[in-house]
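In our numbering, the protein residues as written are 34 to 269.
By construction, the Cβ of each residue, glycine as well, lies at the ideal position given by its N, Cα and C atoms.
Spelled out as structure tokens, the structure:
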């Protein structure tokens, strides 16, 4: 039986790519799912992103657009999106324009194969060297800190709305990715890791901005004291 899914897409100053990205995601969703909706969170863009997504929504009733009056960051948008999601499953979709269509379709087709379905890079060499290094170091650090063996913490995520809706999201930053993932995995939920093929990177992304780095670090250490230390104390 095909499933229904709410796909949450953050958009910030993406006027060059957002239209083609949304159309591509919509085509795949229509092919794979019995029902779907695209929840686009326009995050206080200074370009024409807001105008473009509004136009897309007028042409496709499955698209719902939310405008943040100022830049609130992805954690805020995802938390709001999860609350507004009306379908059986929820998918967090950062940067769909950076993926090959076949790879995105393959990933989305794995919905429901585990409690949590996440993505990781299957062709790391297309990423900028400094991003590959940072990604490897961060993943290794998080695995050590929380006793896990995951390949990547900042990719796409899919789960049932009833499951992720119970997660307490405490950050508005990019730290939302490991926060949701670690909370669910440490609670005993199953995980499936799916390789994805990314397009060649030509420039760095907003993920490396100072406030995002600070947000990730603060979120991780809050999680450590609330999740990891709690489980260690329980053993003794």
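Whose CA, out of the options, lies closest to the CA of residue i?
i           : options               : result
residue 74  : 45, 62, 49 and 54     : 45
residue 52  : 92, 64, 37 and 102    : 92
residue 213 : 95, 124 and 143       : 124
residue 199 : 170, 220 and 50       : 220
residue 138 : 128, 161 and 65       : 65
residue 116 : 35, 254 and 194       : 194
residue 61  : 208, 103 and 37       : 37
residue 32  : 166, 122, 98 and 260  : Outside the displayed span of the chain (34 to 269) sits residue 32, for which this structure offers no information.
residue 43  : 232, 216, 256 and 207 : 207
residue 196 : 87, 134, 98 and 145   : 145
residue 128 : 50, 167, 84 and 256   : 50
residue 41  : 96, 254, 187 and 142  : 96
residue 191 : 106, 141, 67 and 250  : 141
residue 244 : 89, 107 and 85        : 107
residue 132 : 105, 84, 160 and 143  : 160
residue 177 : 254, 164, 201 and 89  : 254
residue 120 : 166, 168 and 67       : 67
residue 167 : 260, 246 and 63       : 246
I think residue i touches residue j, with their Cβ atoms under 8 Å apart; what is that distance to the nearest whole Å?
i           : j           : result
residue 204 : residue 248 : 6 Å
residue 230 : residue 136 : 4 Å
residue 1   : residue 59  : There is simply no residue 1 to check, as the chain begins at 34 and stops at 269 in what is shown.
residue 189 : residue 126 : 6 Å
residue 218 : residue 149 : 7 Å
residue 81  : residue 48  : 4 Å
residue 215 : residue 256 : 6 Å
residue 210 : residue 187 : 5 Å
residue 134 : residue 57  : 6 Å
Would you call residue i buried or exposed, if buried means 16 or more other Cβ atoms sit within 10 Å of its Cβ?
i           : result
residue 266 : With a pLDDT of only 47 at residue 266, under the threshold of 50, the placement of this residue in the model should not be trusted; the figure read from the coordinates follows. Result: exposed.
residue 110 : buried
residue 39  : buried
residue 258 : exposed
residue 252 : buried
residue 35  : exposed
residue 70  : buried
residue 118 : buried
residue 174 : exposed
residue 354 : Limits of the chain in this structure are 34 at one end and 269 at the other, which puts residue 354 out of reach.
residue 86  : buried
residue 201 : exposed
residue 94  : exposed
For this session: Within the stretch 129–187, note down every full beta strand (DSSP E) run reaching 3 residues or more, in order along the chain.
Result: Taking 3 residues as the shortest admissible run, the stretch 129–187 contains the following complete beta strand (DSSP E) segments, listed from N- to C-terminal end: 149–154.
Exercise. Is the stretch 148–164 touching the stretch 65–80 in the sense that three or more CB pairs, one from each, lie closer than 8 Å?
Worked result: Taking 8 Å as the limit for Cβ pairs, the verdict is that the stretch 148–164 does not touch the stretch 65–80.
Exercise. Is it true that the stretch 178–193 meets the stretch 220–230, where meeting means three or more beta-carbon pairs spaced less than 8 Å apart?
Worked result: Yes, since at least three Cβ pairs between the stretch 178–193 and the stretch 220–230 fall closer than 8 Å, the two stretches touch.
Exercise. For the stretch 66–116, which segments carrying the alpha helix (DSSP H) assignment without a break, of at least 4 residues, lie completely within its bounds, in sequence order?
Worked result: Here the runs fully enclosed are 82–92.
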